[in-house]
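Step one of this worksheet: look at the structure below.
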């Protein structure tokens, strides 16, 4: 299995509070991604990174920001959590060869009350 | 632009029967195509990938998929279903040759009955 961890694995927070999710990899892969998974929508890309301090928006980036100060860590921040951000969040990584397939972390289940 | 359509959000088969999960894609450039499997409360695991080599791709757990350009399809099959195959399956597409963003289908939940 690809060396990807996510923390926390579960979190309950209140509307309006900031939340930061962490993704850590031990594979030294260049690309990292944050997705959210919701019933009926599959996985939707929030933000991705193509190198340290290099990030870009995905299709559902509103209300989220990211940072990548080291190759191994990619942080996702919900600036002011809303109930619509209740979801399961997955981090993924990919390298620079082959089919560029992505490998996924175990996920973080976030509930905003 | 690219998109993926998975026909059937739920598929039920008997143990030992053929598994067929359908995926059609739309891509403005030659695509890379992937199938992932997700077991309950877990992340996604790569089953197989098509990267413009052989059109029939074999993956893990006895699954395979065939790339058919004329039909813009990449259907997933397994000759004989096992109870352990019960999971959700996602098809995904990306432009070939780059570590670009994957576009996922909405998933198909496979149920295997005795």
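Protein chains in written order, with our numbering: chain A, 1016 to 1128; chain B, 35 to 148. All C-beta atoms in this analysis are idealised placements derived from N, C-alpha and C, irrespective of residue type, glycine included. Remember, predicted model here, so these are calculated numbers, not experimental data.
With 16 other CB atoms within 10 Å as the buried threshold, where does residue 142(B) fall? buried
Pair within 8 Å by beta-carbon distance, residue 1049(A) and residue 1081(A): yes
For the beta strand (DSSP E) holding residue 1071(A), just list the boundary residues, first then last. 1069-1072
Less than 8 Å between C-beta atoms, sequence neighbours within five positions excluded: which residues of the same chain meet that for residue 137(B)? 36, 37, 38, 126, 127, 128
Does DSSP put residue 1100(A) in a helix, a strand or coil? helix
Rounding to the nearest angstrom, what Cα-Cα distance links residue 49(B) and residue 1096(A) in this structure? Spanning the two alpha carbons is a distance of roughly 44 Å.
Which of helix, strand or coil DSSP assigns to residue 96(B): helix
Proximal residues to residue 24(B) (C-beta, below 7 Å), its chain only, five neighbours per side dropped: One cannot answer for residue 24(B) here, as it falls past the ends of chain B, which runs 35 to 148.
Proximity test, Cβ basis, 8 Å: residue 128(B) and chain A: yes
Segment contact, 8 Å Cβ cut-off, at least three pairs: the region 74-81 of chain B with the region 43-58 of chain B: Judged by pairs of C-beta atoms under 8 Å, the region 74-81 of chain B does not touch the region 43-58 of chain B, as fewer than three such pairs exist.
Is there a C-beta anywhere in chain A that falls below 8 Å from the one on residue 11(B)? Absent from the model: residue 11(B). The displayed extent of chain B is 35 to 148, so no value can be given.
Would a check of beta-carbon distances place residue 140(B) closer than 8 Å to chain A? yes
Measure the CB-CB distance between residue 1035(A) and residue 1092(A) and report whether it falls below 8 Å. yes
Using the Cβ count rule (16 or more neighbours within 10 Å means buried), how would you classify residue 1069(A)? It is exposed - the Cβ of residue 1069(A) has fewer than 16 other Cβ atoms within 10 Å.
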